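Numbering (full-length UniProt numbering), first residue to last: 1 to 364.
If you want it as structure tokens, here you go:
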């Protein structure tokens, strides 16, 4: 089945996978690790992400209509490729299950106080299964539609937050003596950018000309400024010293703001939760799809829909294993380090093998 996408759809897939649960705790993480100069750490993390995105995009562009499984097998052989695939599958599966669980925890704590976690997780599982069996093109269209709504909602919400915030809370914007701190804290900013490795399973067709990297870069830059807007608007309202006490810092900030001029929609938290659940759905669906696609490469005789059911069912069971919210958070914290392997190290190895053996010249 041809699962190639347009350049715009690929860009919105990136938007869908990045804008998810990570934004909820982003203001707290930035404030804790870099203070009011956290915007610089985010820009550094953006630059690193773009470098990794270039290497992944280059590989997909050189090996047209192939995923990481096919071109890795050509570059490193079957044995190494199978090791890589196991790493990626476990990564996508772990991300899919833990993000599902932590999102359900957040939903329960904010709007559905009496609903059990297992019920929310089960509902997510049904919806995600239906989405993934429709394959990549349908997921990409959903990301486009949801992405436009999320962008509009975000601009409305965070512009409103800035009108209620105080400039003094954002100062100092930059402290030269803290420059080492800004670089050191970059590693803590990586988690919100985890997801660009999904490009490794998106086959590029001939219609995905060299401009595809421009689309991807532009989307990553837009997401970066989106993150900075979130952080700065929240800090302007609550201040660094207070925002570090909230795990759901973004939602806590939005709940504090009441805009009388908006009349019916004066409470922004309702709009935010709708947009955030849309973003979470896109993120979880894409991570789940990544695990299923790579499994289908290893188990070619098993039907895709059956593999999808097995992955979603096992994901539901695994998502219920952690007994506390803190246990889930600890797993997600380790995901940042795991993500550097699948987002940076493995694509870098394949990129340099391609360059050294001049496969990029041979494929032209």
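For glycine and all other residues, C-beta sits at the position ideal for the given N, C-alpha and C. Values in this document were obtained by computation on a predicted structure and should not be read as measured data.
Am I right that residue 340 and residue 202 are in contact with their C-beta atoms under 8 angstroms? What's the rounded C-beta distance? Walking along the chain shown from the start, residue 340 turns up at place 340. Walking along the chain shown from the start, residue 202 turns up at place 202. Going by Cβ atoms, the distance from residue 340 to residue 202 rounds to 20 angstroms, so no, they are not a contact pair.
Rounded to the nearest angstrom, what separates residue 54 and residue 65 at their Cα positions? For this step, residue 54 is matched to residue 54 along the chain shown. For this step, residue 65 is matched to residue 65 along the chain shown. Whole-angstrom Cα-Cα distance: 17 angstroms.
Using C-beta distances below 6 angstroms, list every residue in its chain close to residue 288, excluding the 5 sequence neighbours before and after it, in chain order. The residue you call residue 288 lines up with position 288 of the chain shown. So the qualifying residues of the chain are 96, 128 and 132.
Report the option in 302, 213 and 294 whose CA atom is closest to the CA atom of residue 50. Taking the first residue of the chain shown as 1, we reach residue 50 at position 50. Measuring from the Cα of residue 50, the nearest candidate turns out to be 213.
Kindly indicate which three-state DSSP category residue 320 falls into: helix, strand or coil? If you number the chain shown from 1, residue 320 lands on position 320. Secondary structure at residue 320: coil, using DSSP grouped into helix, strand and coil.
Close-in-space but distant-in-sequence residues of the same chain around residue 235 (CB under 7 angstroms, 5 per side omitted): Here residue 235 corresponds to residue number 235 of the chain shown, with the count starting at 1. Around residue 235: 27, 31, 36, 169, 170 and 243.
In three-state DSSP terms, what is residue 7? Along the chain shown, read from residue 1 onward, the residue named residue 7 stands at position 7. Looking at residue 7 - three-state DSSP - the assignment turns out to be helix.
State the CB to CB distance for the pair residue 204 and residue 61, rounded to an integer number of angstroms; the pair is presumed to be in contact (CB under 8 angstroms). Walking along the chain shown from the start, residue 204 turns up at place 204. Walking along the chain shown from the start, residue 61 turns up at place 61. With a Cβ gap of about 6 angstroms, residue 204 and residue 61 count as contacting.
Excluding sequence positions up to five away, which residues of its chain have a Cβ less than 7 angstroms from the Cβ of residue 69? As a first step, residue 69 must be located in the chain shown, where it is residue number 69. The residues are 81, 85, 294 and 297.
Contact between the segment 271-289 and the segment 14-27 is defined here as three or more beta-carbon pairs at a separation below 8 angstroms; is this criterion met? Because the criterion of three Cβ pairs below 8 angstroms is met, the segment 271-289 and the segment 14-27 touch.
To the nearest angstrom, how far is the alpha carbon of residue 191 from that of residue 336? Taking the chain shown and counting its residues from 1, one reaches residue 191 at position 191. Taking the chain shown and counting its residues from 1, one reaches residue 336 at position 336. Cα to Cα, the separation comes out at about 5 angstroms.
Backbone secondary structure at residue 22 - three-state DSSP: In the chain shown, residue 22 corresponds to position 22, counting from 1. Here residue 22 sits in helix by DSSP.
Can you check which of these residues, 342, 346, 7 and 46, is closest to residue 193 by C-alpha distance? Indexing the chain shown from 1 puts residue 193 at position 193. Closest by alpha carbon: 46.
Round the Cβ separation of residue 238 and residue 253 to the nearest angstrom and send it over; I've been treating them as touching at under 8 angstroms. Counting from 1 along the chain shown, the entry for residue 238 is found at position 238. Counting from 1 along the chain shown, the entry for residue 253 is found at position 253. Their Cβ separation, rounded to whole angstroms, is 6 angstroms, which keeps residue 238 and residue 253 in contact under 8 angstroms.
Can you tell me whether residue 371 is helix, strand or coil according to DSSP? This structure cannot settle anything about residue 371, because the visible part of the chain is limited to 1 through 364.
State the Cα-Cα distance for the pair residue 29 and residue 302, rounded to the nearest angstrom. In the chain shown, counting from the first residue as 1, residue 29 sits at position 29. In the chain shown, counting from the first residue as 1, residue 302 sits at position 302. Distance between the alpha carbons of residue 29 and residue 302 is about 42 angstroms.
Taking residue 356 as the reference, give the member of 75, 24, 199 and 71 with the closest Cα. For the purposes of this step, residue 356 is taken as the residue at position 356 of the chain shown. It is 75 whose Cα lies nearest to the Cα of residue 356.
So is residue 352 in contact with chain B if we call contact Cβ pairs under 8 angstroms? Any reference to chain B falls outside this structure, which holds one protein chain only.
Cutoff 7 angstroms; reference residue 147; Cβ partners in own chain excluding five residues on either side: The count along the chain shown starts at 1 and reaches residue 147 at position 147. By the criterion of a C-beta distance shorter than 7 angstroms, residue 147 is surrounded in its chain by 12, 15 and 16, once the five residues flanking it on both sides are discounted.
First through last residue of the alpha helix (DSSP H) which encompasses residue 326: Sequence index remark: in the chain shown, residue 326 carries index 326 (1-based). Segment 325-340, the alpha helix (DSSP H) holding residue 326.
Please report how far the alpha carbon of residue 102 lies from the alpha carbon of residue 184, in whole angstroms. Walking along the chain shown from the start, residue 102 turns up at place 102. Walking along the chain shown from the start, residue 184 turns up at place 184. Cα to Cα, the separation comes out at about 27 angstroms.
Below 8 angstroms between beta carbons: does that hold for residue 365 and residue 272? The chain is shown from 1 up to 364; residue 365 falls before or after that span and cannot be answered.
May I have the straight-line CA-CA distance separating residue 93 from residue 100, to the nearest angstrom? The count along the chain shown starts at 1 and reaches residue 93 at position 93. The count along the chain shown starts at 1 and reaches residue 100 at position 100. So the alpha carbons of these two residues sit roughly 11 angstroms apart.
Whole angstroms is fine: what's the gap from residue 312's alpha carbon to residue 292's? One-based indexing of the chain shown puts residue 312 at position 312. One-based indexing of the chain shown puts residue 292 at position 292. One Cα belongs to residue 312, the other to residue 292, and the distance between them is close to 9 angstroms.
Measure the alpha-carbon distance for residue 34 versus residue 182 and round it to whole angstroms. Residue 34 sits at position 34 when you count from the first residue of the chain shown. Residue 182 sits at position 182 when you count from the first residue of the chain shown. If I take the Cα positions, the gap works out to 6 angstroms.
Beta-carbon separation of residue 72 and residue 189 under 8 angstroms? In the chain shown, the residue the question calls residue 72 occupies position 72. In the chain shown, the residue the question calls residue 189 occupies position 189. No, the Cβ-Cβ distance between residue 72 and residue 189 is not below 8 angstroms.
Limits of the unbroken alpha helix (DSSP H) element including residue 270: In the chain shown, residue 270 corresponds to position 270, counting from 1. Unbroken alpha helix (DSSP H) run through residue 270: 268-298.
Cα separation between residue 173 and residue 167? Residue mapping note: residue 173 aligns to position 173 of the chain shown, counting from 1. Residue mapping note: residue 167 aligns to position 167 of the chain shown, counting from 1. Those two C-alpha atoms are separated by around 10 angstroms.
Residue nearest to residue 25 in terms of C-alpha spacing, selected from 227, 248, 67 and 153: Locating residue 25 in the chain shown gives position 25, counting from the first residue. That would be 248, whose Cα lies nearest to the Cα of residue 25.
Buried or exposed, going by whether 16 or more other CB atoms sit within 10 Å of the CB of residue 56? Within the chain shown, the letter at position 56 stands for residue 56. Result: buried.
Residues near residue 332 by beta carbon distance below 6 angstroms, same chain, minus five either side: Position 332 of the chain shown, counted from the start, is the residue given in the question as residue 332. The residues are 98.
If we count the other Cβ atoms within 10 Å of its Cβ and call it buried at 16 or more, is residue 342 buried or exposed? For the purposes of this step, residue 342 is identified with residue 342 of the chain shown, where counting begins at 1. So residue 342 ends up on the buried side.
Between residue 316 and the rest of its own chain, which residues show a CB-CB distance below 7 angstroms, the 5 nearest in sequence each way excluded? Counting from one through the chain shown, the residue named residue 316 turns up at place 316. The residues are 121, 122 and 125.
What does a CB cutoff of less than 7 angstroms around residue 308 pick up in its chain, not counting 5 residues either side in sequence? As a working mapping, residue 308 is identified with position 308 in the chain shown. These residues qualify, in order along the chain: 129, 132, 133 and 292.
Residue nearest to residue 67 in terms of C-alpha spacing, selected from 88, 106 and 325: Residue 67 sits at position 67 when you count from the first residue of the chain shown. Per the Cα distances, 88.
Taking the straight line between their C-alpha atoms, what separation do you get for residue 328 and residue 118? The residue you call residue 328 lines up with position 328 of the chain shown. The residue you call residue 118 lines up with position 118 of the chain shown. Near 15 angstroms, if we compare the C-alpha coordinates of residue 118 and residue 328.
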